[in-house]
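Residue numbers (the working numbering): 224 to 465.
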């Protein structure tokens, strides 16, 4: 009996504790930040599970459903940051152990920041107020990107933003143009809107340090060696045409 108990305890330590959340009744945990339970218990939740201190919830719905969810998420405090990560392809909900797979449009991941730090090997002092809570969205699902409404305090992340993230202060105008495409429509010398064909619908605004023509009423002079002085966060906007 002692040997059996020892084996069971070893398995719990190795694999941790986990279970599916019931989908037909409200759920909540005392460690969740204020407002998280309202997000989790929306009527279009199609599944959820926990593994140790980490929670995952899956949702399916319309653009209006997602925009309302994202607006609610933007008001949840205190959390480490508000982040929306975009993924290509279609989302997939699942149950504990990766079984019972079915389509989903977005998911919510959460855990205490101290748990995340420990899991990643970053041993920091315990933090009682910080919580990691992030939204994931799949661009290949039934919700069109151009119908999203993203709150200003929600930062964007994902593989398709890597080109945008590579634009940093000190780069030249020529280097930026080698990586990104200028948006159409009326543009000035600075700031300039840029697109990435690999991330359709999103843009960044780049400000440059440019020269002025003193003999020509301080007219702005665009140069290929103008330096980047500020880069905006990616934002969603339809492309302009010439």
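Beta carbons: idealized from backbone N, C-alpha and C, even for Gly.
Query raised in the report: How would you call residue 221, buried or exposed, if buried means at least 16 neighbouring beta carbons within 10 angstroms?
Result: Because the chain spans 224 through 465 in this model, residue 221 falls outside it and cannot be assessed.
**Report entry** Euclidean distance between Cα positions of residue 393 and residue 451
**Finding:** Going from the Cα of residue 393 to the Cα of residue 451 covers about 5 Å.
Query - Identified DSSP bridge partners for residue 261 - result: Note: residue 261 sits in no beta bridge, so no partner.
**Report entry** Alpha-carbon to alpha-carbon, residue 296 and residue 267
**Finding:** Residue 296 has its alpha-carbon roughly 15 Å from the corresponding atom of residue 267.
Query raised in the report: Do you know how far the Cα of residue 408 is from the Cα of residue 438?
Result: Taking the straight line from one Cα to the other gives about 28 Å.
Requested in this report: Could you check if residue 335 is buried or exposed, using at least 16 other CB atoms within 10 Å of its CB as the buried criterion?
Outcome: Residue 335 comes out buried.
Requested in this report: With residue 355 as the anchor, note down where its beta strand (DSSP E) starts and where it stops.
Outcome: Its beta strand (DSSP E) spans residues 354 to 361.
Requested in this report: Compute the Euclidean distance between the alpha carbons of residue 448 and residue 410, then round it to the nearest angstrom.
Outcome: Spanning the alpha carbons of residue 448 and residue 410 requires a straight line of approximately 18 Å.
Requested in this report: Over the uninterrupted alpha helix (DSSP H) stretch that includes residue 291, give me the two end residues.
Outcome: Per DSSP, the continuous alpha helix (DSSP H) segment holding residue 291 begins and ends at 286 to 297.
Query - residue 329 (DSSP reduced to helix, strand or coil) - result: The answer is strand: DSSP assigns residue 329 an E or B state.
Report task. Using beta-carbon positions only, say whether residue 459 and residue 373 come within less than 8 Å of one another. Result -> Yes, they are a contact pair.
Query raised in the report: Using DSSP with H/G/I as helix, E/B as strand and the rest coil, what is residue 334?
Result: Here residue 334 sits in strand by DSSP.
Query - Continuous beta strand (DSSP E) stretch holding residue 306: start and end - result: Element bounds for residue 306: 305 to 310.
Query raised in the report: What first and last residue would you give for the alpha helix (DSSP H) that runs through residue 388?
Result: According to the DSSP assignment, residue 388 belongs to the alpha helix (DSSP H) that extends over 385 to 388.
**Report entry** Assigned secondary structure, residue 320 (DSSP; H/G/I helix, E/B strand, else coil)
**Finding:** Correct three-state label for residue 320: coil.
Query - Residues that residue 432 bridges to, as DSSP identifies them - result: For residue 432, which the question treats as bridged, DSSP gives the partners 450.
Query raised in the report: Who does residue 427 pair with in a DSSP beta bridge?
Result: The partner list for residue 427 (beta bridge, DSSP) reads 417.
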